[in-house]
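K.L.:
Protein sequence lines, in the order shown, are assigned to chains A and B.
If you count the first sequence from 1, position 72 lands on 72 in the working numbering, and the numbers rise without skipping.
If you count the second sequence from 1, position 145 lands on 145 in the working numbering, and the numbers rise without skipping.
Using N, Cα and C, we set each Cβ at its ideal position, and we do this for glycine too.
Below are the structure tokens for one structure; questions will follow.
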Amino acid sequence: MNALTQNAEAFPGSALEMLRLHGEESFQSLGLPSKKQESWRFTPLNRLGDLDAPLPQTGSPRLEGLLIPEAHRLVFSNGRLNERLSNIEALPSGCRISSILEIAQDPEAEEIIGDLLPPQTGAFQALNSARFDHGALIVLEAGTRLEGPIHLIHHCDTEEAALYPRNLIMLKARAEATIIEHFVSTGPMIRMPLAELHLGAGADLHFLRLQDEADKARHLGFVAIALERDSKAEFLSLALGADLFRLELETTLRSRGAEASLSGLHLGRGAAHGEHLVRVEHQAPDCSSHQLFRSILSDSSRGVFTGRIVVAPGAQGTDANQSSKSLLLSDRAVAFNNPQLEIDADDVRCTHGSTVGELDEEALFYLRARGIGKEEARALLMLAFAGEVLQSIGVEDLKTRLEERLIRRFHGATAR
Amino acid sequence: MNSTAILEEFANRDYEHGFVTDVEQDRFPPGLDESVIRALSAIKKEPEWLLEWRLAAYRRWQQQQEPEWAKVDYEPVDYQSISYYAAPKTNSLESLDEVDPEILKTYEKLGIPLDEQKILAGVAVDAVFDSVSVATTYKEKLGEAGIIFCSFSEAVQEHPELIRRFLGSVVPPGDNFFATLNSAVFSDGSFVYVPKGVRCPMELSTYFRINASNTGQFERTLIVADEGAYVSYLEGCTAPQRDENQLHAAVVELVALKGATIKYSTVQNWYPGDKETGAGGIYNFVTKRGLCEEKASISWTQVETGSAITWKYPSVVLKGDDSIGEFYSVALTSGRQQADTGSKMIHIGRNTRSTIISKGISAGRGQNTYRGQVKILPKAANARNFSQCDSMLIGSDCGAHTFPYIDVRNPTARMEHEATTSKIGEDQIFYCNQRGLSTEDAVSMIVNGFCKEVFRKLPMEFAVEAQKLLGVSLEGSVG
Numbered sequence: 001m002n003a004l005t006q007n008a009e010a011f012p013g014s015a016l017e018m019l020r021l022h023g024e025e026s027f028q029s030l031g032l033p034s035k036k037q038e039s040w041r042f043t044p045l046n047r048l049g050d051l052d053a054p055l056p057q058t059g060s061p062r063l064e065g066l067l068i069p070e071a072h073r074l075v076f077s078n079g080r081l082n083e084r085l086s087n088i089e090a091l092p093s094g095c096r097i098s099s100i101l102e103i104a105q106d107p108e109a110e111e112i113i114g115d116l117l118p119p120q121t122g123a124f125q126a127l128n129s130a131r132f133d134h135g136a137l138i139v140l141e142a143g144t145r146l147e148g149p150i151h152l153i154h155h156c157d158t159e160e161a162a163l164y165p166r167n168l169i170m171l172k173a174r175a176e177a178t179i180i181e182h183f184v185s186t187g188p189m190i191r192m193p194l195a196e197l198h199l200g201a202g203a204d205l206h207f208l209r210l211q212d213e214a215d216k217a218r219h220l221g222f223v224a225i226a227l228e229r230d231s232k233a234e235f236l237s238l239a240l241g242a243d244l245f246r247l248e249l250e251t252t253l254r255s256r257g258a259e260a261s262l263s264g265l266h267l268g269r270g271a272a273h274g275e276h277l278v279r280v281e282h283q284a285p286d287c288s289s290h291q292l293f294r295s296i297l298s299d300s301s302r303g304v305f306t307g308r309i310v311v312a313p314g315a316q317g318t319d320a321n322q323s324s325k326s327l328l329l330s331d332r333a334v335a336f337n338n339p340q341l342e343i344d345a346d347d348v349r350c351t352h353g354s355t356v357g358e359l360d361e362e363a364l365f366y367l368r369a370r371g372i373g374k375e376e377a378r379a380l381l382m383l384a385f386a387g388e389v390l391q392s393i394g395v396e397d398l399k400t401r402l403e404e405r406l407i408r409r410f411h412g413a414t415a416r
Numbered sequence: 001m002n003s004t005a006i007l008e009e010f011a012n013r014d015y016e017h018g019f020v021t022d023v024e025q026d027r028f029p030p031g032l033d034e035s036v037i038r039a040l041s042a043i044k045k046e047p048e049w050l051l052e053w054r055l056a057a058y059r060r061w062q063q064q065q066e067p068e069w070a071k072v073d074y075e076p077v078d079y080q081s082i083s084y085y086a087a088p089k090t091n092s093l094e095s096l097d098e099v100d101p102e103i104l105k106t107y108e109k110l111g112i113p114l115d116e117q118k119i120l121a122g123v124a125v126d127a128v129f130d131s132v133s134v135a136t137t138y139k140e141k142l143g144e145a146g147i148i149f150c151s152f153s154e155a156v157q158e159h160p161e162l163i164r165r166f167l168g169s170v171v172p173p174g175d176n177f178f179a180t181l182n183s184a185v186f187s188d189g190s191f192v193y194v195p196k197g198v199r200c201p202m203e204l205s206t207y208f209r210i211n212a213s214n215t216g217q218f219e220r221t222l223i224v225a226d227e228g229a230y231v232s233y234l235e236g237c238t239a240p241q242r243d244e245n246q247l248h249a250a251v252v253e254l255v256a257l258k259g260a261t262i263k264y265s266t267v268q269n270w271y272p273g274d275k276e277t278g279a280g281g282i283y284n285f286v287t288k289r290g291l292c293e294e295k296a297s298i299s300w301t302q303v304e305t306g307s308a309i310t311w312k313y314p315s316v317v318l319k320g321d322d323s324i325g326e327f328y329s330v331a332l333t334s335g336r337q338q339a340d341t342g343s344k345m346i347h348i349g350r351n352t353r354s355t356i357i358s359k360g361i362s363a364g365r366g367q368n369t370y371r372g373q374v375k376i377l378p379k380a381a382n383a384r385n386f387s388q389c390d391s392m393l394i395g396s397d398c399g400a401h402t403f404p405y406i407d408v409r410n411p412t413a414r415m416e417h418e419a420t421t422s423k424i425g426e427d428q429i430f431y432c433n434q435r436g437l438s439t440e441d442a443v444s445m446i447v448n449g450f451c452k453e454v455f456r457k458l459p460m461e462f463a464v465e466a467q468k469l470l471g472v473s474l475e476g477s478v479g
């Protein structure tokens, strides 16, 4: 508790201070969630571990193989901004990237921080609000088109740590950007990142969230996206590691013509638990949303997908679809799929589809009949299954690297 | 006349079955405690074990919480203001002639005159009037085949060994809040036993009607199909129009032993409450579940057009290898109705198969929710499920919601779920108008087409009734 109060004192009188106090209060009154709550019934909260672990020592991150040459880069190492490894010199005017802790210099951003995921929405959102101490503030002024992606790297190389990063991203009218957020760790730390993404009218955002934590790590993420008129968001979540992974993704289509494409791929192995919890709310007419989620589960891993489409009264002309598929590679793997529709307008087109099964024996036979080895054939089919999601990655170099990595992993996963 | 006007006219149509029958009643004062259960059990001359069973359920119920997870909104039920037993005064009936003519008239109004039915369709009817089964037709004919079809109370007296063996074997007494309450206070219901290898020669049917005000109806149905047997069972429900809400908390248990088949069809048309204010109407909180042994099959078909609140999830536990579960449903909510309904398929055995086809139609200010679960357990190798949940919205003030839960623990299982939401398009209506169909006919045709897959599963007479019902409930709400 003392550490928290100190945090609040570090920013006297600021919006951040208010947010922290509010966060602390909400966390105290909400308490930790329990399995009795509908949205937490699948999550093994007993694996959470120590939420109060102190800020670790400065790390010495090894970034070989992670870097994207043309990217504007911020590197956070063990919860601190590492300016030496970061590189944001080539930014055009109209684009500002800074540490979230410097938000006081941007009154407009200060005004809206916490709007999309206010502390009272949940215990962990509250906890993040109370404790966040690193993360990025990205603002693109109206009409700014950013060449090259922004690459946010969150690296952690200690065993015990509890990290609370937070991003606030604002794309004003017609701004365009590609952002890659990359979480890498080497030990059983816990990370609870929160991000708020605001898209102004006609803005266009590609966001890739790459969760590549250590197999023993725990990662509970919260992302909210708000879309104004005719804006477009493409959001992709890749979950490759962690023993406990959960991402809550909240998307609100606020004004006519907005479009959101959300996709996710979760690879589970060992006894890992992975969960995508998606909520898309159509508040305005003539918006469209697409959801595409896949999970590949081996060993005794568990995959959960809960996706809800909400169509508010008056949101006529809504076009919303959702597809979730799980591939079970082992007798002990478990898939839970909960596609949900909540519709209060009549002129809508909403569909969802969901399947669970193992690799298609006929497809496997087809490949083997053409001289492809069993393991190779299985890996190919898995890559094809994952490929639907991967194809939306716009950064070619990164896509190739990821595909190569997945192929290697699928080869390993085929041994039952 | 434009389509909105037509719709309005239809929507304003009154509930046809909203009359009250004037019959002398034997009833308990409102309230529930152990003495009520003892008195109830005494009236029915029940054996000691059944009384204990009820009391155990009652004690359990006191510990339970009323579920709140369903997407329905209603005034809380005061369980102490309900009378837990109401029976027409005339008792112990030997033949149809002894049935109170008022009651028979009620059935006539409902369109199921008992004596006519004898000649007509060959449907045996066990009619439940409030809580007591008043007449059972066709008993003798069924007796020849060794089939037992009687009221539940009668079965307790005549076939205690069967009741004791199967009662609570599918829906245990503490299963959920409403089922537990039912276990404590169930008044009557139907019992069916079809012996080994017998194919029941006719469709069996119960017709429920809640007549008295301030009463709850807690019927309990138990159907057992022994090895290789076949039975098709129909259930229809109506209730008079009253301003206060009435509770209907039934339990239906189906047991399909090795190789047996049970088809259970429901047409539910309880009073839905006032169209504008939502006052009155039935709270339909029902637990229905079937258990399939090896190679057995159970099929639920339901057409739900009535009730203010529907809370109902007919389920099948696919315990035996190669067993089959099916669920076909049409649920319509108009006016202020709310329905939270769906199915649960629990795959335990190998090569088990299940199908869920659910059609939800929302009109007026109705709220229609599909909530279902498909669970494939680790031993259920090669299990197969196909689920399809379609919703149709009519008007801009209604809601359609879908909450399926899919839980797969075996990699050889194949599970598919699809859902769509749509409305009747103006282009579709226009197309029909162009070809000389009135808007009204066009709507009716489109809705019937939408529900066709389910209606096909209903027995003939029921299918016709269901189509009519749907027509009546819908008309006036299409725009």
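So, at 7 angstroms on beta carbons, what are the nonlocal neighbours of residue 184 (chain B) in its own chain, with the 5 sequence-adjacent residues on each side left out?
P.N.:
37, 54, 57, 58 and 61
K.L.:
In the DSSP assignment, what are the bridge partners of residue 386 (chain A)?
P.N.:
Answer is none; residue 386 (chain A) lacks a bridge partner.
K.L.:
Is the region 176–193 of chain A in contact with the region 143–158 of chain A, if contact means three or more CB pairs nearer than 8 angstroms?
P.N.:
yes
K.L.:
For residue 272 (chain B), count the other beta carbons within 10 Å of its own beta carbon; 16 or more makes it buried, fewer makes it exposed. Which is it?
P.N.:
So residue 272 (chain B) ends up on the buried side.
K.L.:
Let me check one thing: in DSSP terms, what residues is residue 289 (chain B) bridge-paired to?
P.N.:
B:253 and B:315
K.L.:
Going straight from the alpha carbon of residue 397 (chain A) to that of residue 388 (chain A), what length do you get?
P.N.:
18 angstroms
K.L.:
Can you give me, in chain order, the residues of the region 396–419 of chain B that have a beta carbon less than 8 angstroms from any beta carbon in chain A?
P.N.:
396, 397, 398, 399, 400, 401, 402, 403, 404, 405, 406, 407, 408, 409, 410, 411, 412, 413, 414, 415, 416, 417, 418 and 419
K.L.:
How big is the Cα-Cα spacing for residue 310 (chain A) and residue 269 (chain A)?
P.N.:
32 angstroms
K.L.:
Comparing the C-beta of residue 287 (chain A) with each C-beta of chain B, is any distance below 8 angstroms?
P.N.:
no
K.L.:
Are there 16 or more other CB atoms within 10 angstroms of the CB of residue 206 (chain B), so buried, or fewer, so exposed?
P.N.:
Residue burial is scored here from C-beta neighbours: residue 206 (chain B) has at least 16 other C-beta atoms within 10 angstroms and is therefore classed as buried.
K.L.:
Relative to the C-alpha of residue 27 (chain A), which candidate in A:118, A:298 and A:101 has its C-alpha closest?
P.N.:
A:118
K.L.:
Can you list, in chain order, the stretches of the beta strand (DSSP E) that have 3 or more residues and sit fully within the region 22–96 of chain A?
P.N.:
72–77
K.L.:
With respect to 7 angstroms, is the separation between the Cβ of residue 59 (chain B) and the closest non-hydrogen atom of the ligand SAH below this value?
P.N.:
Although the ligand SAH was asked about, the structure shown includes no ligands whatsoever.
K.L.:
Under DSSP, the beta strand (DSSP E) around residue 39 (chain B) begins and ends at which residues?
P.N.:
Where residue 39 (chain B) is concerned, there is no enclosing beta strand (DSSP E), although the alpha helix (DSSP H) it sits in stretches over 34–43.
K.L.:
Are residue 267 (chain A) and residue 239 (chain A) close, meaning C-beta to C-beta below 8 angstroms?
P.N.:
Yes, the Cβ-Cβ distance between residue 267 (chain A) and residue 239 (chain A) is below 8 angstroms.
K.L.:
Can you pull the chain A residues whose beta carbon is under 9 angstroms from the beta carbon of residue 394 (chain B), in chain order?
P.N.:
346
K.L.:
Would residue 378 (chain B) count as contacting chain A if we go by Cβ distances under 8 angstroms?
P.N.:
yes
K.L.:
Pull out every residue of the region 49–81 of chain B whose Cβ sits closer than 9 angstroms to any Cβ of chain A, in chain order.
P.N.:
69 and 71
K.L.:
For residue 325 (chain B) versus residue 358 (chain B), is the C-beta spacing smaller than 8 angstroms?
P.N.:
A distance of 8 angstroms or more separates the beta carbons of residue 325 (chain B) and residue 358 (chain B).
K.L.:
Helix, strand or coil: how does DSSP classify residue 382 (chain B) here?
P.N.:
Three-state DSSP puts residue 382 (chain B) in coil, outside helix and strand.
K.L.:
Quick check: residue 137 (chain A) and residue 100 (chain A), are their CB atoms within less than 8 angstroms of each other?
P.N.:
yes
K.L.:
Looking at the structure shown, is residue 4 (chain A) part of a helix, part of a strand, or coil, going by DSSP?
P.N.:
Summary for residue 4 (chain A): the model assigns pLDDT 42, below 50, so the residue's position carries little reliability; its value from the coordinates is reported in the next sentence. It is helical.
K.L.:
With a threshold of 8 angstroms between beta carbons, is residue 328 (chain A) in contact with chain B?
P.N.:
yes
K.L.:
Give me the residue from B:303, B:339, B:166 and B:160 with the minimum Cα distance to residue 469 (chain B).
P.N.:
B:303
K.L.:
Can you pull the chain B residues whose beta carbon is under 8 angstroms from the beta carbon of residue 151 (chain A), in chain order?
P.N.:
Neighbours of residue 151 (chain A) on chain B: none; closest Cβ ~36 angstroms, over 8 angstroms.
K.L.:
Smallest Cα separation from residue 19 (chain A): which of A:401, A:322 and A:115?
P.N.:
A:115
K.L.:
Between residue 273 (chain A) and residue 321 (chain A), how many whole angstroms is the CB-CB distance? I'm expecting something under 8 angstroms.
P.N.:
Contact annotation, residue 273 (chain A) with residue 321 (chain A): C-beta distance approximately 27 angstroms; criterion of less than 8 angstroms not satisfied.
K.L.:
Between residue 423 (chain B) and chain A, is the shortest Cβ-Cβ distance under 8 angstroms, so that the two count as touching?
P.N.:
Closer than 8 angstroms to some Cβ of chain A, the Cβ of residue 423 (chain B) qualifies, so yes.
K.L.:
So the candidates are A:159, A:275 and A:208; which of them puts its Cα closest to the Cα of residue 39 (chain A)?
P.N.:
The shortest Cα separation from residue 39 (chain A) among A:159, A:275 and A:208 belongs to A:275.
K.L.:
Would you mind reading off the limits of the beta strand (DSSP E) that contains residue 363 (chain B)?
P.N.:
Counting along the chain, the beta strand (DSSP E) containing residue 363 (chain B) begins and ends at 353–363.
K.L.:
Below 6 angstroms CB to CB, which residues in the same chain sit around residue 40 (chain B) once its five sequence neighbours on both sides are set aside?
P.N.:
85
K.L.:
Would you say the region 326–345 of chain A touches the region 402–420 of chain B, given that touching needs at least three Cβ pairs under 8 angstroms?
P.N.:
A contact is defined here as three or more CB-CB pairs under 8 angstroms, and the region 326–345 of chain A meets this definition with respect to the region 402–420 of chain B.
K.L.:
Comparing the C-beta of residue 293 (chain A) with each C-beta of chain B, is any distance below 8 angstroms?
P.N.:
It does not; no Cβ of chain B falls within 8 angstroms.
K.L.:
What residues in the region 351–378 of chain A bring their beta carbon closer than 8 angstroms to a beta carbon of chain B?
P.N.:
351, 352, 353, 354, 355, 356, 357 and 358
K.L.:
Do residue 356 (chain A) and residue 356 (chain B) have their beta-carbon atoms positioned less than 8 angstroms apart in this structure?
P.N.:
no
K.L.:
Would you please verify whether the beta carbon of residue 331 (chain A) is less than 8 angstroms from any beta carbon of chain B?
P.N.:
yes
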